[in-house]
Amino acid sequence: MTKTLDDAGLDLIFRGARTYNGYTDAPVTEGDLRAIWDLMKWGPTSANMSPARIVWVTTPEAKEKLAVLTSSTNADKIRKAPVTAIIGMDMEFYEKLPQLFPHVDARPWFVGNDALIESGAFRNSTLQGAYLIVAARALGFDTGPMSGFDNAKVDAAFFAGTPVKSNFICTLGFGDPSTVFDRLPRLDFEDANSIL
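Going by full-length UniProt numbering, the sequence shown opens with residue 1, and the numbers climb by one from there.
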(Lines of atoms letter the chains of each structure in order from A and count residues from 1; the text may use other names and numbers.)
(Lines give C-alpha, C1' and ligand atoms only; values in the text may rest on other atoms or scores of the structure.)
Protein backbone atom coordinates (compact mmCIF):
# COMPACT_ATOMS: atom_id res chain seq x y z
CA MET A 1 0.00 0.00 0.00
CA THR A 2 1.31 3.43 -0.88
CA LYS A 3 -1.30 5.65 0.79
CA THR A 4 -1.80 6.26 4.48
CA LEU A 5 -4.38 8.03 6.60
CA ASP A 6 -3.51 11.55 7.62
CA ASP A 7 -3.20 12.50 11.29
CA ALA A 8 -6.88 13.46 11.46
CA GLY A 9 -7.88 9.98 10.30
CA LEU A 10 -5.49 8.29 12.72
CA ASP A 11 -6.80 10.44 15.57
CA LEU A 12 -10.39 9.60 14.65
CA ILE A 13 -9.80 5.85 14.75
CA PHE A 14 -7.13 5.51 17.45
CA ARG A 15 -5.38 8.41 19.18
CA GLY A 16 -8.39 10.63 19.79
CA ALA A 17 -11.00 7.89 20.02
CA ARG A 18 -12.35 6.99 23.44
CA THR A 19 -14.52 4.34 25.07
CA TYR A 20 -17.84 6.02 25.85
CA ASN A 21 -20.06 5.28 28.82
CA GLY A 22 -22.95 7.40 27.52
CA TYR A 23 -24.31 8.91 24.35
CA THR A 24 -26.32 11.83 23.04
CA ASP A 25 -29.90 11.37 21.85
CA ALA A 26 -28.83 11.49 18.19
CA PRO A 27 -30.30 8.45 16.44
CA VAL A 28 -28.41 5.61 14.78
CA THR A 29 -30.31 4.27 11.78
CA GLU A 30 -30.50 0.86 10.16
CA GLY A 31 -28.63 2.41 7.26
CA ASP A 32 -25.83 3.35 9.66
CA LEU A 33 -25.62 -0.23 10.96
CA ARG A 34 -25.51 -1.57 7.42
CA ALA A 35 -22.72 0.89 6.58
CA ILE A 36 -20.70 -0.31 9.58
CA TRP A 37 -21.17 -3.93 8.52
CA ASP A 38 -20.32 -3.18 4.89
CA LEU A 39 -17.01 -1.69 6.01
CA MET A 40 -16.05 -4.09 8.81
CA LYS A 41 -16.74 -7.22 6.75
CA TRP A 42 -13.60 -6.57 4.69
CA GLY A 43 -11.29 -7.14 7.67
CA PRO A 44 -9.25 -10.36 7.38
CA THR A 45 -10.11 -13.59 9.17
CA SER A 46 -8.51 -17.04 9.03
CA ALA A 47 -9.52 -18.76 5.78
CA ASN A 48 -11.99 -15.89 5.38
CA MET A 49 -14.21 -17.77 7.88
CA SER A 50 -16.02 -14.61 9.04
CA PRO A 51 -17.70 -16.24 12.07
CA ALA A 52 -19.13 -13.06 13.63
CA ARG A 53 -22.91 -12.84 13.84
CA ILE A 54 -24.30 -9.60 15.24
CA VAL A 55 -27.57 -8.80 16.94
CA TRP A 56 -28.14 -5.03 16.92
CA VAL A 57 -30.19 -4.23 20.01
CA THR A 58 -32.18 -1.06 19.29
CA THR A 59 -35.68 -1.23 20.79
CA PRO A 60 -36.52 -0.52 24.45
CA GLU A 61 -37.78 -4.09 24.83
CA ALA A 62 -34.61 -5.63 23.42
CA LYS A 63 -32.42 -3.28 25.47
CA GLU A 64 -34.18 -4.33 28.67
CA LYS A 65 -33.94 -8.00 27.70
CA LEU A 66 -30.18 -7.60 27.39
CA ALA A 67 -29.68 -5.18 30.29
CA VAL A 68 -31.02 -7.61 32.92
CA LEU A 69 -28.35 -10.13 31.86
CA THR A 70 -25.45 -7.75 32.54
CA SER A 71 -23.76 -6.13 35.50
CA SER A 72 -25.65 -3.20 37.02
CA THR A 73 -23.14 -0.70 35.62
CA ASN A 74 -23.41 -2.11 32.11
CA ALA A 75 -27.19 -2.42 32.32
CA ASP A 76 -27.59 1.34 32.64
CA LYS A 77 -25.27 1.94 29.68
CA ILE A 78 -27.25 -0.48 27.51
CA ARG A 79 -30.61 1.06 28.42
CA LYS A 80 -29.38 4.54 27.48
CA ALA A 81 -27.32 3.74 24.36
CA PRO A 82 -28.98 4.12 20.95
CA VAL A 83 -27.65 0.67 19.95
CA THR A 84 -25.84 -2.22 21.58
CA ALA A 85 -24.22 -4.81 19.33
CA ILE A 86 -24.03 -8.36 20.60
CA ILE A 87 -21.05 -9.80 18.76
CA GLY A 88 -21.63 -13.51 18.48
CA MET A 89 -19.63 -16.35 16.98
CA ASP A 90 -21.16 -18.96 14.72
CA MET A 91 -19.89 -22.34 15.89
CA GLU A 92 -20.84 -23.76 12.49
CA PHE A 93 -19.01 -21.08 10.49
CA TYR A 94 -17.42 -23.87 8.46
CA GLU A 95 -20.74 -24.46 6.66
CA LYS A 96 -20.18 -21.15 4.82
CA LEU A 97 -16.58 -21.89 3.84
CA PRO A 98 -17.55 -23.25 0.40
CA GLN A 99 -18.96 -19.77 -0.29
CA LEU A 100 -16.30 -17.72 1.54
CA PHE A 101 -13.18 -19.77 0.72
CA PRO A 102 -14.11 -21.50 -2.55
CA HIS A 103 -10.65 -22.23 -3.93
CA VAL A 104 -9.96 -24.92 -1.28
CA ASP A 105 -12.29 -27.40 0.40
CA ALA A 106 -11.67 -26.04 3.90
CA ARG A 107 -14.81 -27.39 5.56
CA PRO A 108 -13.16 -30.75 6.46
CA TRP A 109 -10.44 -28.87 8.35
CA PHE A 110 -13.00 -28.06 11.04
CA VAL A 111 -15.81 -30.61 10.98
CA GLY A 112 -15.48 -32.82 14.06
CA ASN A 113 -12.56 -30.82 15.48
CA ASP A 114 -14.25 -29.00 18.36
CA ALA A 115 -11.06 -27.44 19.69
CA LEU A 116 -10.21 -25.91 16.30
CA ILE A 117 -13.80 -24.73 15.83
CA GLU A 118 -13.81 -23.08 19.27
CA SER A 119 -10.46 -21.34 18.86
CA GLY A 120 -11.19 -20.27 15.29
CA ALA A 121 -14.64 -18.91 16.08
CA PHE A 122 -13.47 -17.07 19.19
CA ARG A 123 -10.31 -15.58 17.71
CA ASN A 124 -11.85 -14.47 14.46
CA SER A 125 -15.14 -13.14 15.85
CA THR A 126 -13.04 -11.12 18.31
CA LEU A 127 -11.11 -9.72 15.37
CA GLN A 128 -14.36 -8.88 13.63
CA GLY A 129 -15.63 -7.18 16.77
CA ALA A 130 -12.51 -5.02 16.73
CA TYR A 131 -13.15 -4.26 13.06
CA LEU A 132 -16.66 -3.17 14.06
CA ILE A 133 -15.19 -0.68 16.52
CA VAL A 134 -12.72 0.68 13.96
CA ALA A 135 -15.37 0.85 11.22
CA ALA A 136 -17.81 2.63 13.51
CA ARG A 137 -15.18 5.18 14.49
CA ALA A 138 -14.16 5.69 10.86
CA LEU A 139 -17.80 6.47 10.05
CA GLY A 140 -18.12 9.00 12.86
CA PHE A 141 -19.65 6.90 15.64
CA ASP A 142 -18.43 6.18 19.14
CA THR A 143 -18.35 2.83 20.91
CA GLY A 144 -18.25 1.24 24.33
CA PRO A 145 -17.07 -2.39 24.18
CA MET A 146 -17.66 -4.44 27.31
CA SER A 147 -17.86 -7.82 28.91
CA GLY A 148 -19.61 -8.08 32.28
CA PHE A 149 -22.60 -10.14 31.20
CA ASP A 150 -23.85 -13.71 31.50
CA ASN A 151 -22.86 -15.38 28.22
CA ALA A 152 -25.06 -18.44 28.72
CA LYS A 153 -28.14 -16.33 29.45
CA VAL A 154 -27.43 -13.98 26.54
CA ASP A 155 -27.07 -17.02 24.29
CA ALA A 156 -30.41 -18.38 25.48
CA ALA A 157 -32.14 -15.01 25.10
CA PHE A 158 -30.73 -13.93 21.75
CA PHE A 159 -29.29 -16.98 19.98
CA ALA A 160 -31.62 -19.80 21.02
CA GLY A 161 -31.97 -22.51 18.39
CA THR A 162 -28.84 -21.38 16.53
CA PRO A 163 -25.19 -22.46 16.64
CA VAL A 164 -24.20 -18.92 17.68
CA LYS A 165 -22.62 -18.05 21.03
CA SER A 166 -21.99 -14.57 22.40
CA ASN A 167 -18.47 -13.18 22.50
CA PHE A 168 -18.76 -9.58 23.74
CA ILE A 169 -21.09 -6.59 23.55
CA CYS A 170 -20.52 -3.03 22.40
CA THR A 171 -22.65 0.07 22.78
CA LEU A 172 -22.77 2.44 19.84
CA GLY A 173 -23.87 5.98 19.13
CA PHE A 174 -22.65 9.56 19.25
CA GLY A 175 -20.66 9.79 22.46
CA ASP A 176 -21.33 12.22 25.27
CA PRO A 177 -17.87 13.60 26.14
CA SER A 178 -18.84 14.00 29.80
CA THR A 179 -19.02 10.20 30.14
CA VAL A 180 -15.39 9.36 29.36
CA PHE A 181 -12.66 8.89 31.94
CA ASP A 182 -9.35 10.68 31.74
CA ARG A 183 -7.10 9.12 29.12
CA LEU A 184 -5.38 6.10 30.62
CA PRO A 185 -1.72 5.28 29.89
CA ARG A 186 -0.52 2.74 27.35
CA LEU A 187 2.66 0.69 27.32
CA ASP A 188 5.67 2.01 25.44
CA PHE A 189 7.13 -0.06 22.64
CA GLU A 190 10.02 -1.21 24.87
CA ASP A 191 7.59 -2.50 27.52
CA ALA A 192 5.60 -4.78 25.21
CA ASN A 193 7.74 -5.62 22.20
CA SER A 194 10.87 -7.44 21.17
CA ILE A 195 12.56 -7.59 17.81
CA LEU A 196 14.49 -10.78 17.04
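C-beta: ideal position from N, C-alpha, C; glycine also.
Are the CB atoms of residue j and residue i within a distance shorter than 8 Å?
| i | j | result |
| --- | --- | --- |
| asparagine 124 | threonine 24 | no |
| alanine 115 | proline 51 | no |
| leucine 196 | alanine 81 | no |
| threonine 19 | valine 180 | yes |
| tryptophan 56 | leucine 39 | no |
| arginine 79 | glutamate 64 | yes |
| glutamine 128 | glycine 43 | yes |
| alanine 47 | leucine 97 | yes |
| aspartate 142 | phenylalanine 189 | no |
| phenylalanine 168 | isoleucine 117 | no |
| leucine 10 | methionine 49 | no |
Sort out for me which residues DSSP pairs residue i with in a bridge.
| i | result |
| --- | --- |
| tryptophan 56 | Ala85 |
| methionine 146 | Ile169 |
| tyrosine 23 | Gly175 |
| valine 154 | Paired residue(s): none; valine 154 is not in a bridge. |
| aspartate 90 | Val164 |
When burial is assigned at 16 or more other CB atoms within 10 Å of the CB, is residue i buried or exposed?
| i | result |
| --- | --- |
| valine 111 | exposed |
| leucine 184 | exposed |
| alanine 8 | exposed |
| alanine 152 | exposed |
Measure the beta-carbon distance from residue i to residue j and round it to whole angstroms, keeping in mind my assumption that it falls under 8 Å.
| i | j | result |
| --- | --- | --- |
| aspartate 155 | serine 166 | 5 Å |
| aspartate 90 | arginine 53 | 5 Å |
| leucine 139 | alanine 35 | 6 Å |
| alanine 75 | alanine 67 | 4 Å |
| asparagine 21 | glycine 144 | 6 Å |
| valine 83 | threonine 58 | 5 Å |
Starting from residue i, trace the alpha helix (DSSP H) in both directions and tell me its first and last residue.
| i | result |
| --- | --- |
| lysine 77 | 72 to 80 |
| glutamate 30 | 30 to 40 |
| phenylalanine 101 | Looking at the DSSP string, phenylalanine 101 is not in any alpha helix (DSSP H), and its letter there is neither H nor E. |
| aspartate 7 | 7 to 10 |
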